[in-house]
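Using my numbering, the first residue of the sequence shown is number 605, and each one after it goes up by one. Worksheet for the structure shown next.
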Amino acid sequence: MAYSHSQLKTFEECALRFRYKYIDKIPEPAAAPSPAMERGTIVHDTLELLYKKIQNSGLVMTREELHTHIETKMIAFRDRYNAVSELPLSAEIYADELDISKSMIDRYYDSYYPFNQTKINWLEQNINFDLPNGAKFRGIIDRLDFQGDQAIIVDYKTDKSIAPYGTFTETYQQQLTSYAVWVMNNYPHVVKSVTGKLIYLRLQQEVTWEISHDMLTQAVTNITDKIAKIEDTLFRYNMGEKDSFWPVEWTQCRRCAYQVMCPLWKHRFQDDEVVIVSEIGETTIKKLVDKFYHLNNQKKELEDNLKGIKEFLEEYVTSHADEEWKKLYGEEGELKIDYKNELKPRDDKNNELKQLLLDEWLLDLLTMQVNTSRLTKFIAENPERLADIADMIEKKEKYTVGRAKEKKELKK
Ligand code: SF4
């Protein structure tokens, strides 16, 4: 199997979707193509046409000719969309997509006419190469230019904004760097340096960077590691580990063609089932799920309310410690008050005490809070250390209020 960036990305997003698509090869049902994705394809295709014409005949197509090409492609897209969609593509969306596509090409025309800045070597070039672990990697370079002994890998972007640093390094930079591996393998005596270039068609902006030798080595390592992870998952799957390709619920699940078979979602698409429950009578599974869901929400709300009231009352009792109450009374119930002495870090010595407890392995590393019960135990077991920490802690009375009893019970 030759892996591509989009396959590696699919595996990282949802391993189960990867399995359905590339291992089980379950065809995705024909769905209406996304206008935004199609716009990207049409613009790429238009730029390819522009440069192919220059390569083949030296002629530069006019803006009008490019617009005509976009219109032809958009009409074909609308026909394909309407053939599979329940609702036809709206006139507004069609007009918008046409307008955005033409304006991207116009901006490109304004920036690069007469398109002779570099020598164009490859357009929409399919590439593949072997990785050190024997796996194959493949991709498509939008455009490969040469300027002397420098190769420039160009990728067109139709994004509305420049990719944030994380997306840039993890996706775009990785992608173009892996293509650079192919360039260096295929032009070892011609190419001395490789540059990556993203052209943001909507923004009329370029992002360029030199692809260093270290980046090439790192890209090969990253891809090899990712493929090794996929192949390990596949091995475990073939050995009978059914869940090795795990589903990951994320925003794009709603667009996933495999939702109906995915264990995270498939029950949603199944018919409801009538059941009889002793406490409720006849109902359905979906109604029971809803009832459980709502009751659980109410329970959570009640617990939050209880917690808030309890905290308030405990503060109230603490602020009236002089009263020495043992109970608090309402009209219908009562609350029992307990208190205990606790050793607590002094506010101004908290960090110093944390460091001391870190040294002694007595800090709760999960919450990074001083664990007061461990502290108490530590002092009990190490009385000689008491002097070190005595001025870092203070004794505090902690009040707690307990469960209410029914008034009827009170009168008994
Ligand atoms: S529906 Fe979501 S979780 Fe299920 S396979 Fe598709 S992407 Fe993965």
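We put the CB at the ideal spot given by N, CA and C, even for glycine.
Span separating the alpha-carbon of residue i from that of residue j
i, j, result
"V664", "D710", "14 angstroms"
"D876", "H648", "46 angstroms"
"Y943", "K1002", "5 angstroms"
"R962", "K1000", "Note on identity: in this sequence residue 962 is Leu, with Arg being the wrong assignment. So the two alpha carbons sit approximately 23 angstroms from each other."
"F750", "N725", "7 angstroms"
"L691", "G738", "47 angstroms"
"M678", "T888", "47 angstroms"
"D569", "E701", "What is shown of the chain runs 605 to 1016, which leaves residue 569 out entirely."
"F622", "E835", "12 angstroms"
"I704", "N720", "25 angstroms"
Cβ-Cβ distance between residue i and residue j below 9 angstroms
i, j, result
"M708", "T762", "yes"
"L1021", "P851", "Because the chain here runs from 605 to 1016, residue 1021 falls outside it and cannot be looked at."
"V595", "L957", "Given that the chain is displayed from residue 605 to residue 1016, the structure contains no residue 595 and the question cannot be resolved."
"C618", "W854", "yes"
"I803", "D759", "yes"
"E632", "Y685", "no"
Own chain partners of residue i with C-beta closer than 7 angstroms, once the 5 adjacent residues on each side are dropped
i, result
"G844", "none"
"Y713", "R667"
"L910", "none"
"F849", "A619, L620, F622, R623, T837 and Y841"
"H673", "T650 and L653"
"S608", "R742 and G743"
Nearest candidate by alpha-carbon position, reference residue i, set the options
i, options, result
"P639", "D683, D746 and W726", "D683"
"K981", "L966, M641, Q973 and P736", "L966"
"K796", "E814, L780 and Q779", "E814"
"I756", "S765, T781, T775 and I766", "T781"
"E616", "E774, H673, I658 and G912", "E774"
"R742", "L960, L932 and A606", "A606"
"L748", "Y769, Y624 and K801", "K801"
"D734", "C866, M788 and K706", "M788"
"S610", "D908, K764, Y655 and K830", "K830"
"S689", "E946, Q808, N660 and P637", "P637"
"Q779", "S923, I658, K629 and L820", "L820"
"P736", "N826, T812, K895 and I983", "N826"
Nonlocal neighbours in the same chain, by C-beta distance under 6 angstroms from residue i, ignoring five residues either side
i, result
"E652", "L727 and E728"
"L670", "T650 and I709"
Exposed unless 16 or more other CB atoms sit within 10 angstroms - verdict on residue i
i, result
"L693", "buried"
"V1005", "buried"
"I997", "buried"
"T837", "buried"
"D746", "buried"
"V794", "exposed"
"F916", "exposed"
"A823", "buried"
"F681", "buried"
"V893", "exposed"
"L1018", "Residue numbering for the chain in the displayed model covers 605 to 1016; residue 1018 lies beyond these limits and cannot be assessed."
"I993", "buried"
"L960", "buried"
Beta-carbon contacts of residue i that lie in its chain and below 8 angstroms, excluding the five residues immediately before and after
i, result
"K723", "D749, F750 and Q751"
"E931", "The sequence as given places Lys at residue 931; Glu does not occur at that position. Excluding sequence neighbours, K931 sits near E938, L939, K940 and I941."
"V879", "E886, T887, T888, I889 and L892"
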